[in-house]
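If you read the sequence shown in the working numbering, its first letter stands for residue 1344, the second for the next number, and so on.
Each residue gets a CB set at the ideal place from its N, CA and C atoms; glycine is no exception.
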Amino acid sequence: MSDLWIPLLLSLKVAGWATLFAAIFGIAVAFLLSRWRSPLCNLVDSILTLPMVLPPTVIGYYLLVLLGRRGWLGQWLSQWGIELVFTWQGAVVAATVVAFPLVLKSARAAFEDVDYRLEDAGIVLGLSRLQVFFRVSLPLAMRGIMAGVLLAFARALGEFGATLMIAGSIPGRTQTLSISIYEAVQAGNDDLAMILVLVTSASCIAVLWFAGLLTPAQQRHRGAR
(Lines of atoms letter the chains of each structure in order from A and count residues from 1; the text may use other names and numbers.)
(Lines give C-alpha, C1' and ligand atoms only; values in the text may rest on other atoms or scores of the structure.)
Protein backbone atom coordinates (compact mmCIF):
# COMPACT_ATOMS: atom_id res chain seq x y z
CA MET A 1 0.00 0.00 0.00
CA SER A 2 2.96 2.34 0.54
CA ASP A 3 3.57 2.22 -3.21
CA LEU A 4 0.20 3.94 -3.58
CA TRP A 5 -0.16 6.22 -0.56
CA ILE A 6 3.33 7.75 -0.51
CA PRO A 7 3.21 9.00 -4.13
CA LEU A 8 -0.42 10.10 -3.65
CA LEU A 9 0.32 12.15 -0.53
CA LEU A 10 3.44 13.61 -2.12
CA SER A 11 1.48 14.55 -5.24
CA LEU A 12 -1.22 16.22 -3.15
CA LYS A 13 1.41 18.15 -1.20
CA VAL A 14 3.22 19.28 -4.35
CA ALA A 15 -0.04 20.15 -6.15
CA GLY A 16 -1.37 22.00 -3.10
CA TRP A 17 1.66 24.24 -2.71
CA ALA A 18 1.95 24.75 -6.47
CA THR A 19 -1.71 25.77 -6.69
CA LEU A 20 -1.30 28.22 -3.80
CA PHE A 21 1.67 29.94 -5.45
CA ALA A 22 0.06 29.87 -8.90
CA ALA A 23 -3.12 31.39 -7.45
CA ILE A 24 -1.32 34.20 -5.61
CA PHE A 25 0.83 35.26 -8.56
CA GLY A 26 -1.77 34.40 -11.20
CA ILE A 27 -4.54 36.50 -9.63
CA ALA A 28 -2.23 39.48 -9.09
CA VAL A 29 -0.84 39.42 -12.62
CA ALA A 30 -4.27 38.75 -14.14
CA PHE A 31 -5.74 41.81 -12.44
CA LEU A 32 -2.89 44.01 -13.62
CA LEU A 33 -3.20 42.76 -17.20
CA SER A 34 -6.98 43.19 -17.17
CA ARG A 35 -6.57 46.87 -16.23
CA TRP A 36 -3.46 47.60 -18.29
CA ARG A 37 -4.17 49.42 -21.53
CA SER A 38 -1.09 48.98 -23.70
CA PRO A 39 -0.13 47.27 -26.99
CA LEU A 40 2.40 45.30 -24.95
CA CYS A 41 -0.30 43.74 -22.80
CA ASN A 42 -1.02 40.84 -25.15
CA LEU A 43 2.70 40.26 -25.69
CA VAL A 44 3.27 39.93 -21.95
CA ASP A 45 0.23 37.65 -21.70
CA SER A 46 1.60 35.44 -24.49
CA ILE A 47 4.99 35.11 -22.80
CA LEU A 48 3.45 34.25 -19.44
CA THR A 49 1.19 31.58 -20.96
CA LEU A 50 4.01 29.86 -22.87
CA PRO A 51 4.05 26.92 -20.39
CA MET A 52 0.61 25.94 -21.73
CA VAL A 53 2.05 25.16 -25.18
CA LEU A 54 5.72 24.40 -24.57
CA PRO A 55 6.68 20.72 -24.16
CA PRO A 56 7.18 19.89 -20.46
CA THR A 57 10.76 18.83 -21.17
CA VAL A 58 11.51 22.31 -22.50
CA ILE A 59 10.11 23.84 -19.32
CA GLY A 60 12.18 21.40 -17.28
CA TYR A 61 15.30 22.36 -19.21
CA TYR A 62 14.72 26.06 -18.61
CA LEU A 63 14.27 25.36 -14.91
CA LEU A 64 17.47 23.33 -14.79
CA VAL A 65 19.39 26.14 -16.50
CA LEU A 66 17.90 28.65 -14.09
CA LEU A 67 17.92 26.69 -10.82
CA GLY A 68 20.79 24.24 -11.34
CA ARG A 69 24.06 24.65 -9.48
CA ARG A 70 25.55 26.47 -12.46
CA GLY A 71 22.45 28.60 -13.04
CA TRP A 72 22.58 32.21 -11.89
CA LEU A 73 19.57 31.82 -9.60
CA GLY A 74 20.67 28.39 -8.42
CA GLN A 75 24.11 29.73 -7.46
CA TRP A 76 22.52 32.57 -5.53
CA LEU A 77 20.15 30.21 -3.69
CA SER A 78 22.99 27.82 -2.84
CA GLN A 79 24.71 30.64 -0.95
CA TRP A 80 21.74 30.54 1.41
CA GLY A 81 21.78 26.76 1.64
CA ILE A 82 18.75 26.33 -0.63
CA GLU A 83 18.84 23.48 -3.15
CA LEU A 84 15.81 22.94 -5.37
CA VAL A 85 17.09 20.37 -7.86
CA PHE A 86 16.14 16.78 -6.90
CA THR A 87 13.89 17.93 -4.05
CA TRP A 88 10.12 18.03 -3.60
CA GLN A 89 10.39 21.80 -3.44
CA GLY A 90 11.80 21.68 -6.97
CA ALA A 91 8.76 19.66 -7.98
CA VAL A 92 6.60 22.46 -6.53
CA VAL A 93 8.43 25.01 -8.67
CA ALA A 94 7.90 22.91 -11.82
CA ALA A 95 4.22 22.35 -11.04
CA THR A 96 3.73 26.05 -10.27
CA VAL A 97 5.17 27.08 -13.63
CA VAL A 98 2.88 24.77 -15.61
CA ALA A 99 -0.20 25.59 -13.50
CA PHE A 100 0.26 29.37 -13.46
CA PRO A 101 -1.14 30.06 -16.99
CA LEU A 102 -4.42 28.31 -16.15
CA VAL A 103 -5.01 30.65 -13.22
CA LEU A 104 -3.85 33.63 -15.25
CA LYS A 105 -6.20 33.02 -18.19
CA SER A 106 -9.26 32.28 -16.07
CA ALA A 107 -8.64 35.12 -13.62
CA ARG A 108 -8.00 37.68 -16.36
CA ALA A 109 -11.23 36.73 -18.15
CA ALA A 110 -13.12 36.94 -14.84
CA PHE A 111 -11.70 40.37 -13.98
CA GLU A 112 -12.47 41.69 -17.47
CA ASP A 113 -16.12 40.67 -16.96
CA VAL A 114 -16.37 42.82 -13.82
CA ASP A 115 -18.29 46.03 -14.46
CA TYR A 116 -15.79 48.89 -14.14
CA ARG A 117 -18.59 51.19 -12.98
CA LEU A 118 -18.88 49.21 -9.75
CA GLU A 119 -15.19 49.77 -9.07
CA ASP A 120 -15.56 53.48 -9.83
CA ALA A 121 -18.53 53.63 -7.46
CA GLY A 122 -16.39 52.13 -4.69
CA ILE A 123 -13.74 54.79 -5.23
CA VAL A 124 -16.40 57.54 -5.18
CA LEU A 125 -17.63 56.14 -1.84
CA GLY A 126 -14.16 56.59 -0.38
CA LEU A 127 -12.57 53.16 -0.80
CA SER A 128 -8.89 52.88 -1.70
CA ARG A 129 -7.75 50.97 -4.78
CA LEU A 130 -6.70 48.06 -2.58
CA GLN A 131 -10.06 48.03 -0.79
CA VAL A 132 -11.90 48.11 -4.12
CA PHE A 133 -9.90 45.11 -5.26
CA PHE A 134 -10.68 43.00 -2.18
CA ARG A 135 -14.27 44.18 -1.63
CA VAL A 136 -15.51 44.61 -5.20
CA SER A 137 -13.32 43.18 -7.97
CA LEU A 138 -12.17 39.97 -6.31
CA PRO A 139 -15.58 38.84 -4.98
CA LEU A 140 -17.27 39.48 -8.33
CA ALA A 141 -14.58 37.53 -10.19
CA MET A 142 -14.27 34.75 -7.61
CA ARG A 143 -16.24 32.04 -9.42
CA GLY A 144 -14.14 32.31 -12.56
CA ILE A 145 -10.96 32.50 -10.53
CA MET A 146 -11.83 29.39 -8.53
CA ALA A 147 -12.53 27.47 -11.72
CA GLY A 148 -9.04 28.37 -12.92
CA VAL A 149 -7.52 27.45 -9.55
CA LEU A 150 -9.13 24.00 -9.64
CA LEU A 151 -7.89 23.44 -13.19
CA ALA A 152 -4.43 24.50 -12.05
CA PHE A 153 -4.60 21.97 -9.21
CA ALA A 154 -5.52 19.19 -11.64
CA ARG A 155 -2.67 20.23 -13.95
CA ALA A 156 -0.19 20.31 -11.07
CA LEU A 157 -1.41 16.94 -9.82
CA GLY A 158 -0.69 15.31 -13.18
CA GLU A 159 2.56 17.12 -13.99
CA PHE A 160 5.27 14.75 -15.24
CA GLY A 161 7.89 16.01 -17.69
CA ALA A 162 9.14 19.18 -16.02
CA THR A 163 8.92 17.56 -12.58
CA LEU A 164 10.98 14.56 -13.69
CA MET A 165 13.71 16.80 -15.10
CA ILE A 166 14.00 19.18 -12.16
CA ALA A 167 13.17 16.85 -9.25
CA GLY A 168 14.03 13.40 -10.59
CA SER A 169 12.44 10.17 -9.43
CA ILE A 170 13.48 9.52 -5.84
CA PRO A 171 11.03 7.14 -4.09
CA GLY A 172 9.44 8.76 -1.07
CA ARG A 173 10.97 12.16 -1.84
CA THR A 174 10.21 13.32 -5.38
CA GLN A 175 8.35 10.39 -6.96
CA THR A 176 4.86 11.77 -7.59
CA LEU A 177 1.88 9.82 -8.92
CA SER A 178 2.63 10.45 -12.58
CA ILE A 179 6.28 9.49 -12.16
CA SER A 180 5.27 6.41 -10.15
CA ILE A 181 3.04 5.33 -13.04
CA TYR A 182 5.95 5.67 -15.44
CA GLU A 183 8.27 3.71 -13.14
CA ALA A 184 5.66 0.97 -12.59
CA VAL A 185 5.17 0.53 -16.34
CA GLN A 186 8.92 0.45 -16.90
CA ALA A 187 9.25 -2.22 -14.20
CA GLY A 188 6.42 -4.30 -15.66
CA ASN A 189 4.23 -3.86 -12.57
CA ASP A 190 0.97 -3.52 -14.47
CA ASP A 191 -1.28 -4.00 -11.42
CA LEU A 192 0.29 -1.11 -9.54
CA ALA A 193 0.29 1.04 -12.69
CA MET A 194 -3.43 0.41 -13.20
CA ILE A 195 -4.27 1.35 -9.60
CA LEU A 196 -2.21 4.55 -9.84
CA VAL A 197 -3.83 5.44 -13.17
CA LEU A 198 -7.32 4.96 -11.74
CA VAL A 199 -6.55 7.05 -8.66
CA THR A 200 -5.09 9.85 -10.78
CA SER A 201 -7.97 9.76 -13.26
CA ALA A 202 -10.60 9.81 -10.51
CA SER A 203 -8.91 12.74 -8.78
CA CYS A 204 -8.69 14.78 -11.99
CA ILE A 205 -12.30 14.01 -12.97
CA ALA A 206 -13.51 15.20 -9.56
CA VAL A 207 -11.52 18.43 -9.83
CA LEU A 208 -12.75 19.10 -13.38
CA TRP A 209 -16.34 18.47 -12.30
CA PHE A 210 -16.07 21.01 -9.49
CA ALA A 211 -14.40 23.45 -11.88
CA GLY A 212 -17.35 23.05 -14.26
CA LEU A 213 -19.76 23.85 -11.45
CA LEU A 214 -17.85 27.03 -10.65
CA THR A 215 -17.74 28.28 -14.23
CA PRO A 216 -20.02 31.31 -14.47
CA ALA A 217 -23.38 30.41 -16.01
CA GLN A 218 -23.01 33.17 -18.60
CA GLN A 219 -19.82 31.57 -19.94
CA ARG A 220 -21.46 28.14 -20.09
CA HIS A 221 -24.34 29.57 -22.10
CA ARG A 222 -21.90 31.21 -24.49
CA GLY A 223 -20.14 27.90 -25.02
CA ALA A 224 -23.45 26.18 -25.74
CA ARG A 225 -24.29 28.61 -28.56
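- In the structure shown, Q1518 adopts coil according to DSSP, grouped into three states.
- With 16 or more other Cβ atoms inside 10 Å of its own Cβ, I1370 counts as buried.
- Runs of the beta strand (DSSP E) spanning 3 or more residues and lying entirely within the segment 1412-1458 do not occur at all.
- Following the DSSP letters along the chain, one finds R1478 in no alpha helix (DSSP H), marked with neither H nor E.
- A distance below 7 Å between beta-carbons, with the five flanking residues on each side excluded, links L1551 to the following residues of its chain, in chain order: A1497.
- When Cβ pairs closer than 8 Å are counted between the two stretches, the segment 1345-1355 is seen to touch the segment 1520-1535, the count reaching three or more.
- The distance from the Cβ of A1484 to that of A1453 is about 4 Å, consistent with a contact at the 8 Å cut-off.
- As the crow flies, the alpha-carbon of I1402 is around 23 Å from that of L1383.
- Its chain contains V1357, A1358, A1361, A1499, E1502, T1506 as the residues whose beta carbon lies nearer than 7 Å to that of A1438, once the 5 sequence neighbours on both sides are disregarded; these appear in chain order.
- Contact check for V1457 against S1480 passes: the beta carbons are separated by less than 8 Å.
- In this structure, L1410 sits near L1427, with a CB-CB distance shorter than 8 Å.
- Sequence-distant Cβ neighbours of A1495 in its own chain, meaning closer than 8 Å and more than five residues away, are A1361, T1362, A1365, A1366, G1369, A1442, F1443, L1445, V1446.
- G1491 is not a Cβ neighbour of A1549, given a cutoff of 8 Å.
- Scanning Y1404, V1440, G1417, I1488 for the CA closest to the CA of L1556 turns up I1488.
- CA-CA distance, S1354 to L1470, rounds to 41 Å.
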